[in-house]
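Here is the structure we will look at, set down as structure tokens.
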Amino acid sequence: MTATDTTKERRRRAPLAPWIRGTVLTLGSIAVTMLGLLFVTFIIGRVMPIDPVLAIVGERASQSTYDAVYEQLGLDQPLIVQFLYYIGDVLRGDFGTSLLNARPVSEDIARVFPATLELATLGVIFGVVLGVPLGVIAAVRRGSWIDQVARVVALVGYSMPIFWLGLMGLLVFYGILGWVGGPGRLDIFFQDIVPTRTGMILVDSAIAGEWAVFRNAFSHIVLPASLLGYFSLAYISRMTRSFMLEQLSAEYITTARVKGMSERQVIWGHAFKNIRVQLITVIALSYANLLEGSVLTEIIFSWPGIGSYITTALLAADMNAVLGGTVVVGLIFICLNIFSDLLYRVFDPRSK
Amino acid sequence: MSELTLRQWLLTDAPTSRRHARLASLYQGWLTLRGNTMAMFGLGILIALVLMALMAPLLAPYDPFVQDLSNRLQPLGTEGHLLGTDSLGRDILSRLIYGSRITLYIVALVALIAPVAGLLVGTVAGYAGGWVDVVLMRITDIFLAFPRLVLALAFVAALGAGIENAVLAISLTAWPPYARIARAETLTIRSSDYISAIRLQGAGPLRIITKHIWPLCISSLIVRVTLDMAGIILAAAGLGFLGLGAQPPSPEWGAMISEGRRFILDHWWVATMPGLAIFTVSLAFNLLGDGLRDVLDPKDDNR
Chain A
1 MTATDTTKER RRRAPLAPWI RGTVLTLGSI AVTMLGLLFV TFIIGRVMPI DPVLAIVGER
61 ASQSTYDAVY EQLGLDQPLI VQFLYYIGDV LRGDFGTSLL NARPVSEDIA RVFPATLELA
121 TLGVIFGVVL GVPLGVIAAV RRGSWIDQVA RVVALVGYSM PIFWLGLMGL LVFYGILGWV
181 GGPGRLDIFF QDIVPTRTGM ILVDSAIAGE WAVFRNAFSH IVLPASLLGY FSLAYISRMT
241 RSFMLEQLSA EYITTARVKG MSERQVIWGH AFKNIRVQLI TVIALSYANL LEGSVLTEII
301 FSWPGIGSYI TTALLAADMN AVLGGTVVVG LIFICLNIFS DLLYRVFDPR SK
Chain B
353 MSELTLRQWL LTDAPTSRRH ARLASLYQGW LTLRGNTMAM FGLGILIALV LMALMAPLLA
413 PYDPFVQDLS NRLQPLGTEG HLLGTDSLGR DILSRLIYGS RITLYIVALV ALIAPVAGLL
473 VGTVAGYAGG WVDVVLMRIT DIFLAFPRLV LALAFVAALG AGIENAVLAI SLTAWPPYAR
533 IARAETLTIR SSDYISAIRL QGAGPLRIIT KHIWPLCISS LIVRVTLDMA GIILAAAGLG
593 FLGLGAQPPS PEWGAMISEG RRFILDHWWV ATMPGLAIFT VSLAFNLLGD GLRDVLDPKD
653 DNR
């Protein structure tokens, strides 16, 4: 009796245990990766040629002032202790004060981040809406002209300097044709009309019902967003094609065809259904890449996002701002990576 | 006649020496690659680029640094200035030709540093196994999870702007994929019989890694390096564009775009020409990389 009980219990517990183990391992690796990121930014902050104390007290400060600030910053502590303080600060969302405007870096980042988020989100939507169908069709009609087009689109996307394409886009669509708004998020007449709620102008103006502002904001965002979208399209369409080819050569597809299913059902009902998980991970990854890729695009389009923020700070040698921005982008990047990894594990039974 | 016999010698299916076998397999790979028109096109562009860099002083019509303020911002096809002049009256064609040297310099340095570092880390991790493997791969994963461009920016910020620091920053963010590949290759090679055989003959780990594992990792690394080149060129140009790579008056292509950006609406060619150069070269690397992958790594033909 007791023997059967324990086997029952073991059977019930058995599928749970590896799951817990997996979660613990994943959480552990997330923690280690994030610690690694913080360690790297910490080291960068320490090896930089700029003396953080001098940057605060100025060159003419007395030795005692210098020493006081030196101690206040904790620079007299051993490196490992400084690192632990640093982790504590970051966990509390404290990235120090910007040397440029003497405001907390975290406030600045919170202010500029929605602009980047808005741009990258629109970009990834563009990439998915065009890239997925393109990849599917390219796989289904392998070797046809549309497959060749998809190949060229991807190849050009991989080889094009994004900042240059942005410049060319501005030249043609803004300078010559005048179809889109110029650099910046809004024309000057439209600024400060809509109250800031989310920081994303498209959303804010829609909430406020200011459709003139919305249209103007859209005319400004459409070019940079479609440029970013083009780069994610290149990646997404290639990956979609490769996933689809793998499915289409599988035997169950032949079976479905032999059973007399319509081609549409075979492709979208069977093959596409099976690549959804892989696709979501690819989309998450390209989203992460877009957040990063927006650095150069933001400069071209004078877009006041985190990319512009980091570069401006960099050129002004404002290390707190640079490192704060790097940590934020890095953490989001890691989170998206892990998110795509988790999705894969949860939804793909083969990976168990 | 000797042509024919050389060909036959190379195509033999019964090589007589190790060198013979190696040359024969190289030749067969070359024949496959030659059949790929796009790859040959890419190779052609790259050979032209190398020749251009080598013979820059002969090819360039002007000194790339000499300013001629009376001839500022001349358009394309101006007498004597095929691609026009920039804001300081410097000949754009000459600057592009000299700029190819900088591009090749950056590419060559990164292509040396990153794969070698990755190869070292990957083979040691794969061969040693155990906690060495865990620690090294954890570090690799950490670097792999970083946003590359932003991290390169932060590195350059700490090290200071300049070509060498840009190279270092790009290499620091580029090595992890190589380590992954090298480790995967090492794991499959390590358990093979011939490694056990040489180990029984008394070969130490150093000899096994350098003489027997490294040579087999090379081909997959070459493919990856060629495919990565485009990304490296784009990253270097991006850093140059931001003013963090090569410094003016250096004719680095990314920095040239940055200079031309101010005149983009009225004098479009100043920024357009260097961009086309960057695009052509990275396209060439991508085409060649695709072709090399087909030759050296024929398993995945789905891409």
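As they're listed, the protein sequences go chains A and B. Mapping of the first sequence onto this note's numbering: position 309 corresponds to residue 309, and the numbering continues sequentially without gaps. Count along the second sequence from 1, then add 352; that gives the number in this note's numbering. Beta carbons are placed, not taken as given, at the ideal position from N, Cα and C, and that holds for glycine.
Beta-carbon gap between residue i and residue j smaller than 8 Å
i      : j      : result
I310/A : V502/B : yes
V277/A : F347/A : yes
V622/B : S439/B : yes
R442/B : Q419/B : yes
R185/A : W268/A : no
V140/A : I236/A : no
L323/A : A477/B : no
I400/A : I137/A : The first residue shown for chain A is 1 and the last is 352, placing residue 400/A beyond what the model contains.
L401/B : L461/B : no
L536/B : L573/B : The amino acid occupying residue 536/B in the given sequence is Ala; Leu does not appear at that position. No.
L205/A : V222/A : The sequence as given places Ser at residue 205/A; Leu does not occur at that position. No, Cβ-Cβ distance for S205/A and V222/A is not below 8 Å.
F593/B : G606/B : yes
L411/B : V647/B : no
L130/A : A150/A : no
R542/B : Y479/B : yes
C-beta neighbour in chain B for residue i, strict 8 Å
i      : result
G152/A : Rather than Gly, the amino acid found at residue 152/A in this sequence is Val. It does not; no Cβ of chain B falls within 8 Å.
Y158/A : yes
W164/A : yes
E292/A : yes
T198/A : no
M261/A : no
L177/A : no
R111/A : no
V282/A : no
I334/A : yes
T33/A  : yes
T326/A : yes
Cutoff 7 Å; reference residue i; Cβ partners in own chain excluding five residues on either side
i      : result
E292/A : V329 and F333
D653/B : In this prediction, D653/B has a pLDDT of 47, which is less than 50 and means its spatial position is unreliable; what the coordinates show is noted afterwards. Excluding sequence neighbours, D653/B sits near nothing in its chain.
Y230/A : G157
G123/A : A225, L228, G229, S232 and L290
P114/A : T198, G199 and M200
A549/B : none
T2/A   : Any answer about T2/A is weak, because its pLDDT of 46 lies below 50 and its placement is not dependable; what the coordinates show is given next. Nothing listed; no residue qualifies.
R655/B : Note that R655/B has pLDDT 42, beneath the 50 cutoff, so the model's placement of it is unreliable and the number below is only indicative. Result list for R655/B: empty, nothing under 7 Å.
Same chain only: Cβ atoms within 6 Å of residue i, ignoring 5 sequence neighbours per side
i      : result
G181/A : S219 and H220
L398/B : A636
L155/A : none
I465/B : S523
Residue i - containing alpha helix (DSSP H), residue span
i      : result
H220/A : W211 to L248
M625/B : W621 to L648
F163/A : I162 to G169
M200/A : Element bounds for M200/A: n/a, residue is neither H nor E.
N337/A : M319 to F347
P416/B : Segment: none, P416/B is in no alpha helix (DSSP H) and carries neither H nor E.
Q72/A  : Q63 to Q72
Residue-level contact to chain A via CB, residue i, 8 Å cutoff
i      : result
D365/B : no
L488/B : no
A466/B : no
W621/B : no
L395/B : no
D493/B : yes
I630/B : yes
R613/B : yes
F498/B : yes
I609/B : yes
I561/B : no
T525/B : no
V462/B : no
L358/B : no
A589/B : yes
I454/B : no
The ligand MG heavy atom lying under 7 Å from the CB of residue i
i     : result
Y85/A : Questions concerning the ligand MG fall outside what the structure shown contains, since it holds no ligand whatsoever.
Own chain, CB closer than 8 Å to residue i, minus 5 neighbours either side, in chain order
i      : result
P104/A : D94, F95, G96, T97 and S98
L170/A : G182, P183, L223, I300 and F301
Which complete alpha helix (DSSP H) runs does the region 507-533 of chain B hold, if anything under 4 residues is left out? 515-526
Which runs of the alpha helix (DSSP H) at least 4 residues long sit entirely within the region 95-159 of chain A? Give them in chain order. 105-140 and 145-159
Whole alpha helix (DSSP H) runs in the region 433-517 of chain B with 4 or more residues, listed along the chain? 444-480, 482-496 and 500-511
Extract the residue ranges of the alpha helix (DSSP H) inside the region 577-616 of chain B, only unbroken runs of 4 or more that lie entirely within it. 605-612
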